[in-house]
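Numbering of the sequence shown is given in this note's numbering, commencing with residue 2 and proceeding in unit increments.
The C-beta atom is built at its ideal place from N, Cα and C for all residues, glycine as well.
Okay, structure first, notes after.
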Amino acid sequence: MDTSSYIRVHLNIYGTWNSRKFFKDEGSAEYFLGALDSIFMVCYAIGLYINGAVGDRLDTRKVLSFGMIGSSITVILFGCVSEWTHFYNKPYYIAWWVLNGFLQSTGWPACVAVMGYWVGKSSRGLVLGLWSACASVGNIIGALLCSSVLNYGYSYAFLLPSTVLLGGGIVILFGLVVYPSDVGLEDPDSHEESNGQNPIDTDRERLLDNNEDIQVLPDQNKAISVGRALLLPGVIPYSLAYGCLKLVNYSFFFWLPLYLGSKFGWGNTESDKLSIWYDVGGIILGTVAGFISDFSGRRAPVMTVLLVLAMPMLYFYKISPNDKKINAVLMTLLGGFIGGPSNLISAAISADLGRQTVVQGNERALSTVTGIVDGTGSVGAAIGQFLLPVIHQKLGWGAVFYFFMIMTGSTLLCILPIIYNDFKEHGFRCCSKRTQNVGYQRIIMDIDEQTLATPGKEQLSTVDQSAGDMPSLAPIHHPQKVPGEEEEEEEFIDETLAERLWGLTEMFPERVRTFADVSTKITWATSKFFYSKATYLSWFIASSACIMALPVMIESERAQMEEQHLQQQRQILLGPSAVSSQSKMPQFAQ
2 MDTSSYIRVH LNIYGTWNSR KFFKDEGSAE YFLGALDSIF MVCYAIGLYI
52 NGAVGDRLDT RKVLSFGMIG SSITVILFGC VSEWTHFYNK PYYIAWWVLN
102 GFLQSTGWPA CVAVMGYWVG KSSRGLVLGL WSACASVGNI IGALLCSSVL
152 NYGYSYAFLL PSTVLLGGGI VILFGLVVYP SDVGLEDPDS HEESNGQNPI
202 DTDRERLLDN NEDIQVLPDQ NKAISVGRAL LLPGVIPYSL AYGCLKLVNY
252 SFFFWLPLYL GSKFGWGNTE SDKLSIWYDV GGIILGTVAG FISDFSGRRA
302 PVMTVLLVLA MPMLYFYKIS PNDKKINAVL MTLLGGFIGG PSNLISAAIS
352 ADLGRQTVVQ GNERALSTVT GIVDGTGSVG AAIGQFLLPV IHQKLGWGAV
402 FYFFMIMTGS TLLCILPIIY NDFKEHGFRC CSKRTQNVGY QRIIMDIDEQ
452 TLATPGKEQL STVDQSAGDM PSLAPIHHPQ KVPGEEEEEE EFIDETLAER
502 LWGLTEMFPE RVRTFADVST KITWATSKFF YSKATYLSWF IASSACIMAL
552 PVMIESERAQ MEEQHLQQQR QILLGPSAVS SQSKMPQFAQ
C-alpha cells in the first residue's frame with residue numbers, strides 16, 4: 002500500500018485541517034513525508050536482516066502471524082487513534098512508523114520461505130513470479146479500498162486495510178502449513194532430483210548396494226547463520242543488484258503520482274489511477290520472466306534482457322507527451338522491465354539461493370537468505386528516498402531519470418560475474434544442462450528403455466524354443482478367477498503381435514531403420530515436451546486474465562460507490578423535496 006499518499010491526507014494536503022495546519026507550507030509537508038518514508042525503509046531493512054534469521058529459528062507460521070497482527074495494530078494507532086483522540090504529534094507518528102517498519106519486515110522472508118518449501122526449482126520461476134505479483138495486486142486493492150472510504154474521513158483509510166490485515170494474520174496463525182512433510186508429502190526438490198537422475202542419488206544408491214554397515218546420522222535441521230548465508234554463492238551479487246534495482250522500483254512506487262501531477266498538471270485522482278499501470282506491467286512481465294527462466298533453466302540472462310531494455314525505456318518515458326493513453330502504455334512497459342526483474346530477485350532467485358546444494362543438508366536457510374537480499378534492497382530504497390527529493394529540487398525531473406538509468410546499469414554490473422559464469426558454462430544455448438536432463442533426455446531415456454525391452458531376432462528364437470516345451474509344464478489351477486486375468490492374456494497377445502511386427506522391420510536396410518527409430522524418438526519427445534509447456538502457458542494466460550480483470554472490477558465497484566455517495570450528499574444538501582422535484586423535471590436532449 003502507498004502509505005505516503007494516505008499520510009498526505011492525514012497531514013493536511015487535502016485540506017482536512019484547514020484551521021490547525023500541521024506545516025507552514027506544502028514543501029515542509031513533503032519533506033516530512035519523505036523523511037517518514039526513509040525512516041520506514043531503514044527500519045524495514047534492519048528488521049529484514051533480523052527477522053529473516055528469526056524466521057529460520059522459530060516457527061515461521063507464528064512469526065508471520067505476529068508480524069501481521071502487530072503491524073495492523075500499529076497502523077490503527079498511527080492513523081485512527083490519533084484522530085479519535087485529537088492527538089497530533091510528530092514524535093508520536095515517527096515512533097509508531099518505526100515499529101511498523103520492524104513488524105512488516107517479518108512478512109516477506111517468511112512468505113518466500115514457505116513458498117520455497119512447497120515449490121520445486123523446475124517451476125519456481127513461473128509460480129513465484131506470479132505469486133510475487135501479490136505485492137502489486139495489494140497496492141492496487143489497497144489504493145482502491147482507501148479511496149472508496151476516504152470521503153468518510155481519513156481515519157477510515159487506515160482502519161479498513163489494517164482490519165483486513167488483522168483478519169489475515171488470524172487466518173495464517175490457525176491455517177498455514179509451513180512444510181510439506183507436515184501433511185505427509187515429500188520435499189519437491191528431492192523429488193525432482195530423484196526423477197532427474199541426480200549423480201548424488203546414484204552414488205547414494207551405489208553405497209547402499211554394498212553389504213557394509215552404514216551409520217545414519219540424525220538430521221540436525223538447524224538454522225544457518227547470517228555470516229554463512231552471506232558467503233553462499235550468489236547472495237552478495239544479487240543483494241547488491243537488488244539494492245540498486247529496488248531504489249528505482251520504490252522511487253516509482255512512492256513518487257510516480259507526484260511526478261505526473263507536477264509535470265502534466267493532472268489531478269491526484271487521475272495520477273493515482275494511471276500509476277496502477279506500472280504495477281500491472283510488473284505483474285505481467287514478472288510472470289512471463291519467471292516462465293521463461295523455468296523453460297531455459299537460467300535466471301540471469303532473462304534479467305539481463307529486461308534490464309537492458311529498461312534503460313532506453315526510462316529515457317522514452319522521460320520525454321513522453323501529455324497524453325494519458327501513451328503514458329499508460331509506456332508506464333506499463335517500464336513497470337514490466339523494472340518490476341519484472343525486481344519480482345524475480347525478491348522471490349524466485351531468493352528461494353533458489355536459499356535452497357542451493359550447499360545447504361541441502363541444512364534447509365533452514367530460506368528465510369535468512371531472503372532477509373539478506375530484501376534487506377539490502379530496502380537499504381537501497383531508503384537511500385533513494387533521501388536522494389530523490391534533493392536531485393529533484395536541485396536539478397529537476399530530467400536528472401532524476403538519468404539517475405534511474407545509472408542505477409539500472411549498476412544492477413547489471415552487480416550481476417555481471419554471474420552472467421559471465423553462466424554464459425561461460427552454457428554459452429548461448431536455449432536450455433541449460435539441467436533442463437535438458439529433466440526434459441528431452443529423460444523422455445528419450447524412457448523410450449530407449451522400452452526399445453531395449455522389446456525382443457529382437459535372437460529373443461524371438463528363444464521364445465519359439467520355450468514355446469515347444471510348454472506342454473511338458475504342469476498346469477497351474479487357480480481356486481478362483483484372478484482379477485485382471487483377461488487383461489494379462491490380452492497383453493500377452495499384444496506383445497506377441499508386436500514381436501512379429503518387429504521382425505518385419507528386419508527386411509529394411511539398417512540406415513532406414515535407424516533413421517525411423519531416431520525420427521520416432523525425436524517426434525515423440527518433442528510432442529510430449531511442447532504439450533507439457535502448453536499446459537503451463539494456458540494456465541499462465543488464464544491467471545493473467547484473472548489478474549487483469551480484478552482491478553477493472555474493483556474500479557467499477559468503487560465508481561458505483563462514489564456515485565451513490567454523491568447522491569446521498571446531494572439529497573442531504575437539497576432535501577428530499579428538491580431531489581424528487583428534480584427527478585420529475587422533463588429531460589431535454591442536449
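Beta-bridge partners of arginine 62 (DSSP): none assigned.
Rounded to whole angstroms, threonine 164 and serine 73 show a C-alpha spacing of 7 Å.
Separation of leucine 567 and tyrosine 153 (C-alpha to C-alpha, rounded to the nearest whole angstrom) is 12 Å. The Cβ-Cβ distance between alanine 349 and glycine 56 does not fall below 9 Å.
According to the DSSP assignment, leucine 145 belongs to the alpha helix (DSSP H) that extends over 135-150. The residue from Ser29, Val374, Leu396 with its alpha-carbon nearest to that of alanine 242 is Val374.
Glycine 385 sits close to serine 252, with the two beta carbons spaced by under 9 Å. When only Cα atoms are considered, glycine 228 and isoleucine 51 end up about 12 Å apart. Annotation for glutamate 187: no alpha helix (DSSP H) segment contains it, and DSSP assigns it neither H nor E.
CA-CA distance, aspartate 280 to isoleucine 142, rounds to 11 Å.
In this structure the segment 322-340 does not lie against the segment 163-181, because fewer than three pairs of beta carbons, one per stretch, are closer than 8 Å. By the Cβ rule, the segment 104-111 does not count as touching the segment 256-273, because fewer than three pairs are nearer than 8 Å.
A direct Cα-Cα distance of roughly 7 Å separates alanine 158 from serine 148. Per the C-alpha coordinates, the member of Ser276, Asp353, Thr333 positioned closest to arginine 299 is Asp353.
For isoleucine 407, the number of other beta carbons within 10 angstroms of its own is below 16, and it is reported as exposed. DSSP, read as helix, strand or coil, puts glycine 130 in helix. Comparing alpha-carbon positions, the option among Gly80, Phe292, Trp119 lying closest to tyrosine 155 turns out to be Gly80.
In terms of Cβ geometry, aspartate 188 and tyrosine 118 form a close pair [threshold 9 Å]. If you compare the alpha carbons of Ala383, Phe404, Ala382 with that of isoleucine 392, the shortest gap goes to Phe404. Glutamate 84 and leucine 160 have their C-alpha atoms some 11 Å from each other. Taking serine 276 as reference, the option from Val99, Leu261, Leu389, Trp98 with the minimal CA-CA separation is Leu261. Across the set Leu388, Arg512, Glu426, Ser528, the C-alpha of Leu388 shows the shortest separation from the C-alpha of serine 39. Restricting attention to Ser123, Gln357, Thr369, the CA atom closest to the CA of threonine 61 is found in Thr369. In this structure, the alpha-carbon of isoleucine 95 lies about 16 Å from that of glycine 48.
Between leucine 104 and glycine 139, the C-beta gap is not smaller than 9 Å, which leaves the two residues out of contact. An exposed status is given to valine 306, since fewer than 16 other beta-carbon atoms sit within 10 Å of its beta-carbon. Judged by DSSP in its simplified three-state form, tyrosine 180 adopts coil rather than helix or strand. For tyrosine 89, the three-state secondary structure derived from DSSP is coil. When the Cα atoms are used, proline 510 and aspartate 518 turn out to be separated by approximately 12 Å. The distance from the Cβ of alanine 311 to that of phenylalanine 338 is about 4 Å, consistent with a contact at the 8 Å cut-off.
Residue environment: phenylalanine 254 is assigned as buried (16 or more neighbouring CB atoms within 10 Å of its CB, all protein chains considered). Excluding its 5 nearest sequence neighbours in each direction, tyrosine 318 has C-beta neighbours in its own chain below 6 Å: Leu331, Leu335, listed in chain order. Between alanine 366 and glycine 376, the C-beta gap is not smaller than 9 Å, which leaves the two residues out of contact. About 5 Å separates the CB atoms of valine 128 and valine 120; that is less than 8 Å, so the two are in contact. A Cβ-Cβ distance of about 14 Å is found for the pair isoleucine 420 and proline 234, leaving them out of contact under the 8 Å criterion. Inclusion of tyrosine 180 and cysteine 415 in the CB contact set at 9 Å is not warranted, their separation being larger than that value.
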